[in-house]
Amino acid sequence: MAYGQAGSMLMYFQDKIAENPSFQYALQMDSEEQIANIFWADAKMISDYVHFGDVVSFDTTFGTNNESRPFGVFVGFNHFRETVVFCAALMYDETFDSFKWLFETFLKAHNGKHPKTIYTDQDIAMGKAIEEVFPAAWHGLCTFHISQNAAKHLSQGNNGESSILSDLSACMYEYEDVTKFEYEFNIMREKVSKQTWLDSIYKLKEKWAKSYMRNVFTLGMRSTQLSESFNNDLKIHFKSDFDIIRFFKHFERVVQGKRNTELASEFDSRKKLPRIKMRAPMLLQASKVYTPIIFEAFQGEYERSMAACTKALDGDNEFLVSIRSFEGDLTFEEEYRVVGDPSEQTSICSCGQFNRIGILCGHALKVLDLMNIESLPAQYILKRWTREARSGIVTDSKGINIIENPMMEASLRYKFLSHRFLTLAQQAASYPECTLLVNNTLDILSKQIEEHLSGCASTSDQSATHKEVMPPNNLLSNARLKKKEEQKTRQNALHVGAATQVAEDSFAMDKEEPGEYMHLNSFTQLLTKAMVVLPCLSPPSHACPGLAATVALSPVFVRALAIPSTWVVVKSLGADAAVEAVVVKDGNA
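Have a look at this one:
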């Protein structure tokens, strides 16, 4: 790393932590105290992984920074089947030790949550690291890379190259039956003069062949195309002489572009109603639950179920189901066995589509219809595909509730308090006694808020002094990395964002004698103090009583309002008491 860039990078990370304490980063140092591997993830990435981290794509690329470090990014699908970023890394090399450190750091930054499925390219070192760090995850190989490698290895000395590549493609995407796959693969091998590469890829068939993946949860992902697409976007308007800070900022812009795309999709989904082709109760239900793109896929399966033919088997509610093809002559697709249970409201199909994608197939929907089940059972509604996919509490690795945009949360609290104070001022201004009462209450409340702010500032100073003599917080485990050329042992020195930025008391409220009428400026000054976010204060054990009823907003907003205890002081000790007094006065007037 160029001289001076390490310090700039650390300052950049510390600034990010000051903006949001849930920001995470980690560094791995070598034996010469040089930075080897770099990992980072902002608060929204941590939150996104909680909601959508079941299937992950990871790929590395070069040419994204002036030091030619491998850049790796973890991405996945959101509920609109759009790209979400879970974290990123700049690596020293692509060795087993580097990948192992990265994957372990990834796990600890994401609260130890393992992905169900992870897709990568065919890298031996990466595969070994995944097997060790993610033992429960299914590791899939990118079929696009396999096809590229096939064209390179099978084009030499083989006649009918296009036929062989076509046969391999059929083995990857078409054959659902294992016996059929084995038979066709052996025929293909006989066409190849040198079978070394085919033999090596055959040993990994469980990672790429459709017949071996019928019950693997993939969401329809078969390649690392999401990662590669993001990397291509990153290289647009990128210059090779960018220093590391310019690279970070360019990365931020690309990530924000992906997030803006989701915001646009969210807006459109609320503005436009999905097109329902038939007024079936199950479709009406699904249109309200699923995001538009997922509803379209579900509606397609529902239409297919209308064209299905069934044959009852000996067992109760067991059927062979085949669907008529909509193309060409009157033909039927392959038959699948479906077992239904009316009491449990289940319909299990041997095609395994729900296990792979999380959307019921037409075969299973047909059997639900035969059992007179008109609404979609809850167990078949995967939350990650619904409009409410992002609902719920998310905590970071320190157990703190994640606030994706602290400034937005503060603005929302300001808006809420502004409405309450304005209502109070309008009520009290009509009566001199009420005006005096509220002014006196505001004086008391102002002193209490100043005490809170002063206490926080003092705590912040002590923390800063304490941090100067304390070693870095090793939240993520130490690791060892061998230097490529000299195979030296590298020692991990991890720095994780655990610092918090405390708001200082920079506001001074003018002391005014109580008058006949309320001074709205006093409300504004007090309100400005109350809305300051105080991350150093622990959140209360429960939200303020009646808060959810008062503010008809999302659960995330309601939780966020209860975090700063300054707001709690205003809510419980100031505004409520004054409003109650004004109401009593109005009743006596």
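Just so we're aligned, residue 1 is where the sequence shown starts under full-length UniProt numbering, counting upward by one. Don't be surprised by glycine CBs; every beta carbon is placed ideally from N, CA and C.
What's the gap between the Cα of residue i and the Cα of residue j?
i           : j           : result
residue 19  : residue 406 : 8 angstroms
residue 241 : residue 68  : 10 angstroms
residue 446 : residue 418 : 16 angstroms
residue 372 : residue 287 : 20 angstroms
residue 313 : residue 348 : 15 angstroms
residue 163 : residue 173 : 15 angstroms
residue 438 : residue 452 : 21 angstroms
residue 354 : residue 403 : 33 angstroms
residue 165 : residue 210 : 16 angstroms
residue 132 : residue 91  : 19 angstroms
residue 598 : residue 31  : The question about residue 598 has no answer here: the residues shown for the chain are numbered 1 through 589.
residue 246 : residue 141 : 33 angstroms
residue 135 : residue 339 : 32 angstroms
residue 424 : residue 11  : 44 angstroms
residue 153 : residue 291 : 43 angstroms
residue 307 : residue 114 : 40 angstroms
residue 527 : residue 416 : The predicted model places residue 527 with a pLDDT of 46, which falls under 50 and marks its position as unreliable, so this point remains unresolved.
residue 443 : residue 230 : 54 angstroms
residue 122 : residue 146 : 8 angstroms
residue 547 : residue 409 : Confidence is the limiting factor: at residue 547 the pLDDT is only 31, short of 50, which leaves the residue's position unreliable and the question unanswerable from this model.
residue 434 : residue 448 : 21 angstroms
residue 414 : residue 244 : 37 angstroms
residue 9   : residue 270 : 40 angstroms
residue 265 : residue 101 : 36 angstroms
residue 52  : residue 395 : 15 angstroms
Looking at the structure shown, is residue i part of a helix, part of a strand, or coil, going by DSSP?
i           : result
residue 246 : helix
residue 448 : helix
residue 419 : helix
residue 596 : In the structure as shown, the chain starts at 1 and stops at 589, and residue 596 therefore has no counterpart that could be examined.
residue 324 : strand
residue 349 : strand
residue 48  : helix
residue 27  : strand
residue 57  : strand
residue 124 : helix
residue 209 : coil
residue 403 : coil
residue 139 : strand
residue 4   : coil
residue 290 : strand
Looking only at its chain, what residues have a beta carbon closer than 6 angstroms to the beta carbon of residue i, apart from the 5 residues adjacent to it on each side?
i           : result
residue 42  : 23
residue 590 : Outside the shown range of the chain, which is 1 to 589, sits residue 590, and nothing can be said about it.
residue 350 : 336, 337
residue 274 : 287, 292, 295
residue 49  : 86, 110
residue 590 : Residue 590 falls outside the range modelled here, since the chain spans only 1 to 589, and no answer is possible.
residue 191 : 164
residue 16  : 23
Kindly list the residues whose CB is nearer than 8 angstroms to the CB of residue i, restricted to its own chain and excluding five residues on each side of it in sequence; keep chain order.
i           : result
residue 212 : 178, 181, 205, 206
residue 250 : 234, 237, 238, 242
residue 276 : 283, 284, 287, 299
residue 127 : 120, 139
Report the CB separation of residue i from residue j in whole angstroms; it is logged as a contact under 8 angstroms.
i           : j           : result
residue 37  : residue 98  : 6 angstroms
residue 55  : residue 258 : The pair is not a contact, with the Cβ atoms about 17 angstroms apart (cut-off 8 angstroms).
residue 89  : residue 118 : Rounded, the Cβ-Cβ distance is 15 angstroms, inconsistent with contact.
residue 333 : residue 325 : 6 angstroms
residue 144 : residue 223 : 4 angstroms
residue 400 : residue 21  : 7 angstroms
residue 227 : residue 75  : 5 angstroms
residue 365 : residue 305 : 4 angstroms
residue 59  : residue 105 : Incorrect: roughly 17 angstroms between the Cβ atoms, too far for contact.
residue 214 : residue 352 : 4 angstroms
residue 356 : residue 217 : 6 angstroms
residue 319 : residue 367 : 6 angstroms
residue 370 : residue 310 : 7 angstroms
residue 262 : residue 78  : 6 angstroms
Looking at residue i and the ligand MN, is the gap between the Cβ and the nearest heavy atom below 7 angstroms?
i           : result
residue 313 : Because no ligand of any kind appears in the structure shown, any question about the ligand MN cannot be addressed here.
Excluding the 5 residues flanking residue i on each side, which residues of the same chain have their C-beta closer than 7 angstroms to its C-beta?
i           : result
residue 374 : 281, 282
residue 301 : 359, 360, 361, 362, 365
residue 62  : 68, 70
residue 35  : 1, 6, 27, 29
residue 170 : 184
residue 176 : 210, 211, 214
residue 125 : 94, 95, 96, 99
residue 248 : 12
*For the 8 angstroms Cβ check, are there 3 or more pairs between the region 105–115 and the region 42–51?*
yes
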